[in-house]
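Here numbering that gives the first Met the number 0 is used: position 173 in the sequence shown is 172, and no number is missing along the way. Just below is one structure, and these are the notes that go with it.
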Amino acid sequence: MRIASACRLVDVLAEWGIHEGEGRLHLPPGSFEGDGRLLNGVEVALTHRSPLAWRILVGWPIACVRVEIAPEDVPALRITDGRTADEWTTAILQDQTDSGKHVRDLANATGEVTGPLTCTAQTADGSVARIQPPILIFDGWHRGGAWIAQLRRRANYSITGNLVVTQHPVPLLGVQ
């Protein structure tokens, strides 16, 4: 994983919320324009994704960075229920629900799958430069799965991520 640049926690939450608002939630056009763009994005992330967002905060974020997640990083990736991203990809590609179809459609598209994935990792030594596995994906399970599916077909590229580095481990889904 390569650090591309620093960012703020508010930026990570805003981008996550904007992605949710423009995608899954189908909020009205203009919801994320102008001076209120970031604030509205944070509002969506904290209200519509609160079962995930609190987990990030309880880990005590110490820094946020934009990263390039490389194919070599796949073994360290987990989704927030604890499964490896590789296991989840195998399962979702076989899933006949809309979710499975969405991942297959992304994976079968001609272009590369784009991020950012919203992730966390715990610091290994108090710094951003050294993190310890796992890298938990909070948002972008479908895009991450499609990326891994393309990698399995011999694609070789990185996907972007917004990484929240925490002082403590974050609780997994189903764990209070």
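Even for Gly, the Cβ is constructed at its ideal location relative to N, Cα and C. All figures in this text were calculated on a predicted structure; none of them were measured in a lab.
Nearest to I134 by alpha-carbon distance, out of D80, A154, G99, H47, is D80.
Looking at the backbone, the Cα of A123 and that of T46 are separated by about 31 Å. The distance from the Cβ of A69 to that of R77 is about 16 Å, inconsistent with a contact at the 8 Å cut-off.
Setting aside the 5 residues that flank it on each side, R142 is surrounded in the same chain by V112, each with a C-beta closer than 6 Å to its C-beta; the list follows chain order. DSSP, reduced to helix, strand and coil, places Q166 outside both helices and strands of the structure shown, so it counts as coil. With a minimum length of 4 residues, the unbroken runs of alpha helix (DSSP H) contained wholly in the stretch 49 to 79 fall at 49 to 57. According to the DSSP assignment, S30 belongs to no alpha helix (DSSP H), since it is labelled neither H nor E. Take G35, set aside five residues on each side of it, and no residue of its chain has a beta-carbon closer than 8 Å to its own. Counting C-beta atoms within 10 angstroms of its own C-beta, V57 has fewer than 16 neighbours from the protein chains shown and is therefore classed as exposed.
Here H167 is exposed: its Cβ has fewer than 16 other Cβ atoms, across all protein chains shown, within 10 Å. Looking at the DSSP output, T88 shares a beta bridge with no other residue.
Here T109 carries a coil assignment [DSSP, helix/strand/coil]. Taking C-beta atoms as the reference points, L116 and D97 fail to come closer than 8 Å.
Following the DSSP letters along the chain, one finds Q121 inside the beta strand (DSSP E) bounded by residues 116 to 122. Per DSSP, D10 is one residue of the alpha helix (DSSP H) stretching across 8 to 21. For Q149, the enclosing alpha helix (DSSP H) begins and ends at 140 to 151. The way I'd put it, the stretch 85 to 94 doesn't touch the stretch 37 to 54; fewer than three beta-carbon pairs between them come closer than 8 Å.
Residue pairing by DSSP places T159 opposite E67 in a beta bridge.
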